[in-house]
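Sequential numbering of the sequence shown, starting at 336, is according to the numbering used here. Note that CB positions come from ideal geometry on N, CA and C, so glycine has one too. A quick write-up on the structure given underneath.
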Amino acid sequence: MTNLAYKYETIADSLRNDIKSGKYTPGELMPDQNKLAAKFDTTRITIHKAIQLLIIEGMVYSKRGAGTFVRKDFSLTEHRQETQVDRPLGTTRTHEGKKVTSKVLELEARLPTKREAEQLMIDEMDPVYVIRRTRFVDGKIWAYEHTIMPTGLVTLTKKVLEGSIYGYLEREHGMKIAGSHRIISAAKATDEDVEAMGATLNEPVLVINQVSYMDDGQPFEVSESHFPYATSTVVADIQVH
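Structure representation (structure tokens):
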């Protein structure tokens, strides 16, 4: 993504600031898309994309026939605990120049949960892939990934999963990945972590929950990645304008 932001991103920034400043309070109905389009001198499609970003971030939700509301469980205190890391996207991009491989633990299809459907903005009857992989960098365990992705996006195979999914989407299908919303936290290792990474049960792991979206604002992936605590750090560059 270039330094020149898409207009919908600029609008999303403005609406996000309005919510954080209290102009729109938790539970409040926001102006309809026609009014927002007039305010920002743009189209309803652009406004829709901006609203989609805020839905992905958990700040607002849309109710058919009623409009868009600020989430009642949204609070400034809650969101100050979230660390958003914009770049890089994906293990392969994070480790350019190094050998990145994957061990595929699961590739299945099922119907999404209600929450997954909401995050991916798909119907609850649209099937999704369930992908579990252990990622390796230069032969050493890097992370355990659990990913949900709509089957209607592309056809995935074990061979594709052994490489870079993002690279496959961009290189083979011409898709443009714009970014992601990430929540970083800590948790105790589960039985799955023991299986996937050889972790010790209940030892700390770094957890990144992520919703990634294309440049048109459409989310295409919900994932949770676990990283061994002994070899994981989070680096974020903060710019003050």
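If you look at Asn-544, you'll find it in the beta strand (DSSP E) that goes 539-549.
Apart from the 5 residues on each side of it in sequence, Gly-362 sits with its Cβ closer than 6 Å to the Cβ of Lys-407 in its chain, given in chain order.
For the pair Ile-466 and Leu-442, the CB atoms are nearer than the 8 Å cut-off. The distance from the Cβ of Val-542 to that of Ala-534 is about 12 Å, inconsistent with a contact at the 8 Å cut-off. The beta carbon of Ser-437 sits closer than 8 Å to the beta carbons of Arg-468, Thr-469, Arg-470, Phe-471, Leu-496, Glu-497, Gly-498 from its chain, once the five residues preceding and following it are set aside; these are given in chain order. Residue range 342-356 is occupied by the alpha helix (DSSP H) that includes Thr-345, with no beta strand (DSSP E) assigned at that position. Between Thr-403 and Lys-342, the gap from beta carbon to beta carbon reaches 8 Å or more. The distance from the Cβ of Ala-524 to that of Asn-544 is about 16 Å, inconsistent with a contact at the 8 Å cut-off. For Met-532, there is no enclosing beta strand (DSSP E); the enclosing alpha helix (DSSP H) has its first and last residue at 526-532.
In the DSSP annotation of this structure, the continuous segment of the alpha helix (DSSP H) that includes Glu-505 starts and ends at 500-508. About 4 Å separates the beta carbon of Ala-347 from that of Ala-385, a gap short enough to meet the 8 Å contact definition.
Met-365 is the residue among Met-365, Ile-391, Leu-388, His-383 whose C-alpha sits nearest the C-alpha of Val-405. By the Cβ-count criterion, Leu-455 is buried, with 16 or more other Cβ atoms from all chains shown falling within 10 Å of its own Cβ.
The beta-bridge partner set that DSSP reports for Thr-403 consists of Ser-397. Contact between Asp-376 and Lys-434 does not hold, since their C-beta atoms are separated by about 49 Å, which reaches or exceeds 8 Å.
Here Leu-488 has Phe-555 as same chain residues with Cβ atoms under 7 Å from its own Cβ, once five neighbours each way along the sequence are excluded.
Taking C-beta atoms as the reference points, Met-460 and Leu-440 fail to come closer than 8 Å.
For the pair Thr-486 and Ala-444, the CB atoms are nearer than the 8 Å cut-off. Under the three-state reduction of DSSP, Glu-443 is assigned to strand.
Only residues of its own chain outside the window of five on either side were considered, and among them Val-489 have a CB closer than 6 Å to the CB of His-508, listed in chain order.
Residues of the same chain with a CB within less than 7 Å of the CB of Leu-389, apart from the 5 flanking positions on each side, are Ala-347, Leu-350, Arg-351, Val-395 in chain order. For Ile-457, no alpha helix (DSSP H) segment is defined, and its DSSP state is neither H nor E.
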